[in-house]
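When we follow this note's numbering, the leftmost residue of the sequence shown carries the number 11, and every step to the right adds one. Just so it is clear, CB atoms sit at the ideal spot from N, CA and C, and this is done for glycine as well.
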Amino acid sequence: MTTSARPAMPVAWVALLVSVGLVGATLTVLAPSAAAAPDTASKAQGWQEAASQLGSAGSLWEPGRTAGLRMTKPVDVIADGLTFANGEARSGDTYAGATYGALRAASTSRPSFTIAEKWGDTGWAAEPAYSTSMAPVGSVVIPLGSPGTQAKVTAQVFANCFVQPANANPRPVPAGYRCSKADVARSGGVLRMTARPASTMTAPGRTSIVITTAGLSYAQLISIASSLEQVSGGGGEVTGSAQMVAMCGQMVDGAMTYEKAAAFAASNGYSMRAGTIDGEPQMVTMDFRWDRFTVSLVKNLVTSCTYG
């Protein structure tokens, strides 16, 4: 089990998604500020693990088609300042992102793409940054889900086709300036959309998604986006998700009694038990449950949590 005393107070997470590579910009990397750190930051070997590391109040979306490219490093998972009520995130920031293909010097011979995602009702814990050369290509309808039960969402597609001066400050992209579909392959592309499941049976699944490509065609970008499949949080062997850590902070900061904390946990889909009461260990089973808090109580107030 993982132990958590009172979590650190939320602080600003400053992250720059730096774009390099083709004319314009497409390869994305995280560059965190040394002066700030999020409440939770971890790495996952896949999207299911990443979703579980965030928690059950949201979903991520995993590509089924990747233009033949493999994920080249673990999924970065970041959460900061989260609060919850009745199974929903009410404030805070989230992020999950991964790169497929080349990590540096991406080109048509060494293509790559990056997916950045956040729960729909939160802010970005690592804000995607865009090239100053980015201009619209147009909108496209993306079908998500299995045939017959698909949700159709509208995505905005961009390319980095506007040529900026080499030795001067970037100029604003003129109003009405447009890139072509062919520019996506030549200069890099960006697709932005909010994914959602076709049925409320798999909610919550509303997720903001940004796909950034280098060396891939417009058709390949649309193919990747159309192949996204919902990955729900919760379950698995992840101990102490970002959601659970944040909820423990709400229990401690809110001076919740055992009864109030247990009701709070249950209203968000979690269970709770007492591990120690006024310093005295209680008899508890040693089985693992991903959705269980074991709390320490002093004068019937929650002072810390373990998970699992």
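Complete runs of the beta strand (DSSP E) confined to the segment 104-180 [at least 3 residues]
122-129, 145-154, 161-169
To the nearest angstrom, how far is it from the Cα of A45 to the Cα of S236?
With a pLDDT of only 41 at A45, under 50, the local geometry of the prediction cannot be trusted, and no value is derived from it.
Out of N96, G198, R188, which has the shortest C-alpha to C-alpha gap to A229?
G198
Counting pairs of beta carbons, one from the segment 186-198 and one from the segment 166-173, are three or more of them closer than 8 Å?
yes
What residue range is occupied by the uninterrupted beta strand (DSSP E) comprising W71?
69-73
Tell me whether L201 sits in a helix, a strand or coil according to DSSP, three-state version.
strand
Per the contact definition of three or more C-beta pairs closer than 8 Å, is the segment 154-161 in contact with the segment 132-144?
no
Out of R283, R80, W129, state which residue places its alpha-carbon closest to the alpha-carbon of T2.
The requested residue 2 is not part of the displayed model; the chain covers only 11 to 318.
Residues in the same chain with beta-carbon distance under 6 Å from N278, minus the five sequence neighbours each way, listed in chain order, please.
F94, G97
For G68, tell me which candidate among W300, I125, S242 has the shortest Cα-Cα distance.
S242
Under 8 Å: do the segment 148-156 and the segment 242-253 share three or more Cβ pairs, one atom per stretch?
no
Let's see if you can read the secondary structure: which residues bound the alpha helix (DSSP H) around F274?
268-277
Candidates G155, D103, G74, P84: closest to G65 by CA position:
D103
Alpha-carbon spacing of S314 relative to A112, whole angstroms
43 Å
Can you round the beta-carbon distance between T109 and T124 to whole angstroms, since I take them to be within the 8 Å contact cut?
5 Å
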